[in-house]
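Q: Quick one: the structure is below, questions incoming.
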Amino acid sequence: GQQVMQIPQYQHVQEGEDFTTYCNSSTTLSNIQWYKQRPGGHPVFLIQLVKSGEVKKQKRLTFQFGEAKKNSSLHITATQTTDVGTYFCAGRLQGGSEKLVFGKGMKLTVNP
Amino acid sequence: NAGVMQNPRHLVRRRGQEARLRCSPMKGHSHVYWYRQLPEEGLKFMVYLQKENIIDESGMPKERFSAEFPKEGPSILRIQQVVRGDSAAYFCASSPLTGAKNIQYFGAGTRLSVL
Chain A
8 GQQVMQIPQY
18 QHVQEGEDFT
28 TYCNSSTTLS
38 NIQWYKQRPG
48 GHPVFLIQLV
58 KSGEVKKQKR
68 LTFQFGEAKK
78 NSSLHITATQ
88 TTDVGTYFCA
98 GRLQGGSEKL
108 VFGKGMKLTV
118 NP
Chain B
28 NAGVMQNPRH
38 LVRRRGQEAR
48 LRCSPMKGHS
58 HVYWYRQLPE
68 EGLKFMVYLQ
78 KENIIDESGM
88 PKERFSAEFP
98 KEGPSILRIQ
108 QVVRGDSAAY
118 FCASSPLTGA
128 KNIQYFGAGT
138 RLSVL
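Sequences listed follow chains A and B, in order.
Per the working numbering, the first sequence runs over residues 8 to 119.
Per the working numbering, the second sequence runs over residues 28 to 142.
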């Protein structure tokens with residue numbers, strides 16, 4: 008079945024550092040969404056990417072959808088302690104069901 | 028506009044009992060999704076429902092699990108004869124539309140513990 012892989016699974020950074028996390032699908036996606044889940048909380052929608060090569064920015068977060076619509080990346084600049092949490096990407100198959108296939112997430116911890 | 032409401036937030040059951048998890052979607056949303064999350068894991072899709080219809084249940088275990096979304100009232104995820112392996116967080120999400128506009132909004136989840 009369709010798989011969505013996220014790397015790395017864990018990321019520990021020093022406050023102020025930049026980093027990038029990646030999301031790769033085994034199949035072409037119609038769109039991809041990113042969610043953030045704080046410890047003990049629930050997933051909160053961050054962004055949706057639909058077009059091939061699309062780039063969207065939210066303050067210090069930059070999201071990109073690959074040209075082949077099979078991968079995505081999230082880049083965070085000047086990481087802050089408020090960025091702590093688990094970031095999930097979720098993809099929807101082209102021509103498929105409305106269901107989202109979630110990656111296992113990238114757990115971010117920040118050293119102040 | 029209230030968000031997606033799930034109750035109970037925490038549910039403790041003994042092995043063999045039934046668990047009923049409720050989800051009221053956001054106002055105006057007619058699509059409901061259920062996910063299961065084990066500790067340190069991602070969200071695993073279980074079922075997608077619209078009012079009175081199950082659209083996609085490809086993620087539902089074949090036995091003991093069922094879901095409904097009646098014309099009136101919340102969506103219900105029902106687990107019969109629970110076992111320890113059912114212990115997890117169960118999240119419900121709702122969306123107003125399908126396709127590219129299908130952005131899912133999650134409830135706070137129900138944490139099920141099976142003793």
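Note that CB positions come from ideal geometry on N, CA and C, so glycine has one too.
1) Give me the DSSP bridge partner(s) of Gly-92 of chain A.
2) Write down every uninterrupted run of the beta strand (DSSP E) in the stretch 21 to 107 of chain A whose length is 3 residues or greater and which is fully enclosed by it, in chain order.
3) How about Leu-117 of chain A and Glu-22 of chain A: are their beta carbons less than 8 Å apart?
4) Could you check the C-alpha separation between Ser-33 of chain A and Glu-61 of chain A for me, to the nearest Å?
5) Between the stretch 107 to 119 of chain A and chain B, which residues of the former have a C-beta closer than 9 Å to a C-beta of the latter?
6) Compare the Cα-Cα distances from Arg-99 of chain A to each of B:Cys-119, B:Glu-99 and B:Gln-131 and report the closest residue.
7) Does the stretch 62 to 75 of chain A touch the stretch 29 to 37 of chain B, meaning 3 or more C-beta pairs lie closer than 8 Å?
8) May I ask you to report which of helix, strand or coil DSSP gives Arg-111 of chain B?
9) Any chance the stretch 93 to 113 of chain A sits against the stretch 26 to 40 of chain A, with 3 or more Cβ pairs inside 8 Å?
10) Go through its chain and collect everything with a Cβ distance to Arg-63 of chain B's Cβ below 7 Å, but skip five positions before and after it.
11) Where does Arg-40 of chain B sit, in a helix, a strand or coil, going by DSSP?
12) What's the gap between the Cα of Arg-111 of chain B and the Cα of Arg-105 of chain B?
13) Identify the contact partners of Gln-101 of chain A in chain B, using a Cβ-Cβ distance below 7 Å as the criterion.
14) Which chain B residues are close to Ser-104 of chain A, counting only those with a beta carbon under 8 Å from its beta carbon?
A: Put simply:
1) Looking up residue 92 of chain A in the first sequence gives position 85. Beta-bridge pairing by DSSP links Gly-92 of chain A to A:Leu-115.
2) Within the stretch 21 to 107 of chain A, the complete beta strand (DSSP E) runs of at least 3 residues are 26 to 32, 36 to 44, 51 to 56, 62 to 65, 68 to 72, 78 to 83 and 92 to 100.
3) To locate residue 117 of chain A, count along the first sequence from 1; it is residue 110. To locate residue 22 of chain A, count along the first sequence from 1; it is residue 15. A small fix is needed here, since residue 117 of chain A is Val in this sequence, not Leu. Yes.
4) In the first sequence, the residue the question calls residue 33 of chain A occupies position 26. In the first sequence, the residue the question calls residue 61 of chain A occupies position 54. Going by the C-alpha atoms only, they are around 19 Å apart.
5) Those residues of the stretch 107 to 119 of chain A that come within reach of chain B (Cβ to Cβ, closer than 9 Å) are Leu-107, Val-108, Phe-109, Gly-110, Lys-111, Gly-112 and Lys-114.
6) Counted from its first residue, the first sequence places residue 99 of chain A at position 92. For the set B:Cys-119, B:Glu-99 and B:Gln-131, the Cα lying nearest the Cα of Arg-99 of chain A is the one of B:Gln-131.
7) Touching, no.
8) On the second sequence, residue 111 of chain B is found 84 positions in, with the first residue counted as 1. Per DSSP, reduced to three states, the secondary structure at Arg-111 of chain B is helical.
9) The stretch 93 to 113 of chain A is in contact with the stretch 26 to 40 of chain A.
10) Residue 63 of chain B sits at position 36 when you count from the first residue of the second sequence. The residues are Lys-71, Met-73, Ala-115 and Tyr-117.
11) Position 13 of the second sequence, counted from the start, is the residue given in the question as residue 40 of chain B. Of the three classes helix, strand and coil, the one that applies to Arg-40 of chain B here is strand, per DSSP.
12) To locate residue 111 of chain B, count along the second sequence from 1; it is residue 84. To locate residue 105 of chain B, count along the second sequence from 1; it is residue 78. Their Cα atoms are separated by approximately 15 Å.
13) Against the first sequence, residue 101 of chain A aligns to sequence position 94. Within chain B, no C-beta atom comes less than 7 Å from the C-beta of Gln-101 of chain A; the nearest is roughly 11 Å away.
14) Within the first sequence, residue 104 of chain A is the residue found at index 97, counting from 1. What Ser-104 of chain A touches in chain B: Tyr-75, Ile-82, Asp-83 and Ser-85.
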